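Accompanying notes for the structure given below.
Numbering (my numbering), first residue to last: 440 to 690.
Next comes the structure, spelled out in structure tokens:
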């Protein structure tokens, strides 16, 4: 995501800080008592620059601590996508595209999803729509179209859809709140229809706060650790609800 020149900082109550690098068992509910029989995870991080990891010290953002949490709790997990932030870090591929809106992210997804066939998607998309004030009223419809494509291209997959992160720019944050409301309503409808989708609330008190943003938009390492914890909670919920299927063969 490309930052605006000026930010009007939103005043929020300070939140307790999460330690800067999560170990696999910190701040989580244990899922390790049933390590055998857990489905393998072929997980695609999908979104914009937050998915790419902009703002983090190691350029992997939430992906490294998220993968550590998964593997530390017995999951055979890998992250897939057409991009990689570091050749030295295995299984950290992704589909994170800086500055891209939801519709543009879908076009990128169409080039990789059918060949990679993830069984889990971690979707954080729409912040650039808010930054660009791009057709905010239809952001929910665009994310719905993206989810429909993901389910069609990778049948039986589960989508973890996150709400958008807080913005330090007041006008942008108003748009974020409007988009998040659309996302929440969408997830409620899709779950009522029996779809495999879990809402991961990155905007709430457990997500990155304004003081976790390095430029008013992108989290620092502590903020990305917060995201990792929430993504992991989404996987745990999907597991409890019986959403997780093994990846399809052919990759």
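Beta carbons: idealized from backbone N, C-alpha and C, even for Gly. Note that the structure is predicted; figures quoted are calculated from it, not measured.
The Cβ atoms of residue 522 and residue 513 do not sit closer than 8 angstroms to each other.
Rounded to whole angstroms, residue 608 and residue 537 show a C-alpha spacing of 18 angstroms.
Comparing C-alpha distances from residue 640 to each of 673, 650 and 652 shows the shortest one belongs to 673.
Around the beta-carbon of residue 685, fewer than 16 other beta-carbon atoms lie within 10 Å, marking it exposed. Runs of the beta strand (DSSP E) spanning 3 or more residues and lying entirely within the segment 627–654 occur at 636–639, in chain order. For the options 547, 604, 566 and 585, the alpha carbon positioned closest to that of residue 659 is the one of 604. Counting other Cβ atoms within 10 Å of its Cβ, residue 688 stays below 16 and is therefore classed as exposed.
If only uninterrupted alpha helix (DSSP H) runs of at least 4 residues are considered, none is enclosed by the segment 583–611. A residue is called buried once 16 or more other Cβ atoms fall within 10 Å of its Cβ, and residue 495 is buried on that count. For residue 623, same chain residues with a beta-carbon under 8 angstroms away, outside a window of 5 residues either side, are 602 and 638 in chain order.
For the 8 angstroms CB-CB criterion, residue 552 and residue 584 do not form a contact. When DSSP assignments are scanned along the segment 546–579, the uninterrupted stretches of alpha helix (DSSP H) that are 4 or more residues long and fall wholly within it turn out to be 552–555 and 566–570.
Going by DSSP, residue 669 is part of no beta strand (DSSP E) but of the alpha helix (DSSP H) stretching over 660–679. Taking each of 645, 681 and 572 in turn and checking the Cα distance to residue 665, the smallest one comes out for 645. The residue among 615, 635, 561 and 590 with its C-alpha nearest the C-alpha of residue 485 is 561.
Cβ-Cβ distances below 7 angstroms link residue 671 to 467, 505, 508 and 509 in the same chain, with the five nearest sequence neighbours on each side left out; the list follows chain order. With respect to the C-alpha of residue 516, the residue from 571, 650, 559 and 649 having the closest C-alpha is 559. Here residue 582 really is in contact with residue 565; their C-beta atoms are around 6 angstroms apart, less than 8 angstroms. Under the three-state reduction of DSSP output, residue 537 falls in the coil class, being neither helix nor strand.
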